[in-house]
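Residue numbers (the working numbering): -3 to 286.
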């Protein structure tokens, strides 16, 4: 049963793409102004996204998020003001070595998110298709993004790997996922989904089994003394399901997938309508009127 959260006694986390952001991966000027005002008024809010910290910073500009940022689906928990990681959940050495060997043996293209020398970067290897090159171009447009191409994967394996990202047609990626699940199901978490900005191309992401939005939220509640506060989350996609199950109040946007809507306490308008920020504004307004 839906119970409206309190503005002052709740921490709020939202997914980015398809939820907080519109279909151009942006906040509208009104949403930006309203969210900035809400943060200034004491809103405890941040984001939980599959994107990396550099991209999130660029998308949200200087909005002063008041809670740690969950990025790469929980591979990182970060302080966006300092651009520093509070916690890193990397893939175990035997698993990353096995996956790298599989990639080389099957001549696959891949993007590998790494952390080395206190810096995040993306290593890419043998790109072949339009979906991969679309992503490369998208990353190249992001300032401060470190991108390195390699002929062999030994450089990547020596770094701390937080995510493998494969981009191809769905059938091909299902074969890759089958190998990973058969050999490493105990140590990794995978997500297979269509890129909403490049239709027809699917992504398979592979993280540590410790890298989930729900586990990151549990860590934040315990480490930052938010155990006594309620948790409200917003989402639209398959990688939001576990945090929906954890939350006191789970809210989906109207454009969310069916599985998410079924786990929701409330369905609001679409991401195109700025519905997350509108909802937060209404919560604040009603708290003032009480």
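Idealized CB from N, CA, C, for every residue including glycine.
| Query | Result |
| --- | --- |
| Within the same chain, show all residues whose beta-carbon is closer than 8 Å to that of residue 204, passing over the 5 residues directly before and after it, in chain order. | 71, 85, 86, 87, 88, 158, 183, 184 and 185 |
| In three-state terms, what does DSSP make of residue 193? | coil |
| Please go through the same chain and pick out, in chain order, the residues whose beta-carbon is closer than 6 Å to the beta-carbon of residue 240, but skip the five residues on each side of it. | 246 and 259 |
| Report yes if the CB atom of residue 273 is closer than 8 Å to the CB atom of residue 123, and no otherwise. | no |
| Rounded to a whole number of angstroms, what is the C-alpha to C-alpha distance between residue 79 and residue 126? | 31 Å |
| Applying the 10 Å Cβ sphere with the 16-neighbour rule, what's the burial state of residue 207? | buried |
| Which residues in the same chain as residue 267 place their Cβ atom closer than 8 Å to its Cβ, once the five residues preceding and following it in sequence are excluded? | 14, 15, 16, 17, 18, 19, 232, 249 and 251 |
| Cα separation between residue 101 and residue 168? | 15 Å |
| Indicate the three-state DSSP secondary structure (helix, strand or coil) for residue 145 in the structure shown. | strand |
| Give the range of the beta strand (DSSP E) segment to which residue 116 is assigned. | 115 to 121 |
| Mapping DSSP to helix, strand and coil, what is residue 274? | helix |
| What residue does the alpha helix (DSSP H) around residue 229 start on, and which one ends it? | Looking at the DSSP string, residue 229 is not in any alpha helix (DSSP H); the run it does join, the beta strand (DSSP E), is 226 to 231. |
| Pull up the CB-CB distance for residue 289 and residue 48, whole angstroms please, since I reckon it's below 8 Å. | Because the chain here runs from -3 to 286, residue 289 falls outside it and cannot be looked at. |
| If you measure between the beta carbons of residue 142 and residue 115, is that distance less than 8 Å? | yes |
| Would you be able to state if there are at least three C-beta pairs under 8 Å between the stretch 164 to 181 and the stretch 217 to 225? | no |
| Would you mind working out which of 95, 262, 151 and 9 sits nearest residue 61, comparing C-alpha positions? | 9 |
| In the DSSP assignment, find the unbroken beta strand (DSSP E) run with residue 247 in it and report its ends. | 245 to 248 |
| Residue 2 by DSSP, collapsed to three states: which one? | coil |
| Shortest alpha-carbon distance to residue 113 belongs to which of 129, 154, 134 and 99? | 154 |
| Closest to residue 25 by CA distance: which of 59, 46, 95 and 44 is it? | 59 |
| Would residue 50 and residue 140 be called neighbours here (beta carbons separated by less than 8 Å)? | yes |
| Using a Cβ cut-off of 8 Å (strictly closer), state whether residue 32 contacts chain C. | The structure shown has no chain C; it contains just one protein chain. |
| Just list the residues that DSSP pairs residue 211 with in beta bridges. | The partner list for residue 211 (beta bridge, DSSP) is empty, contrary to what the question assumes. |
| Out of 104, 146, 276 and 41, which one is the CA nearest neighbour of residue 161? | 104 |
| Who are the near neighbours of residue 29 in its chain, counting only those whose CB is closer than 8 Å to its CB and skipping five residues on each side? | none |
| Can you look up residue 174 in the DSSP assignment and give me helix, strand or coil? | helix |
| Taking Cβ to Cβ, would you say residue 149 is nearer than 8 Å to residue 121? | yes |
| Residue range of the alpha helix (DSSP H) that residue 237 falls in? | 237 to 242 |
| What ranges does the beta strand (DSSP E) occupy inside the stretch 65 to 100, keeping only unbroken runs of at least 3 residues that lie completely in it? | 65 to 67, 72 to 75 and 80 to 84 |
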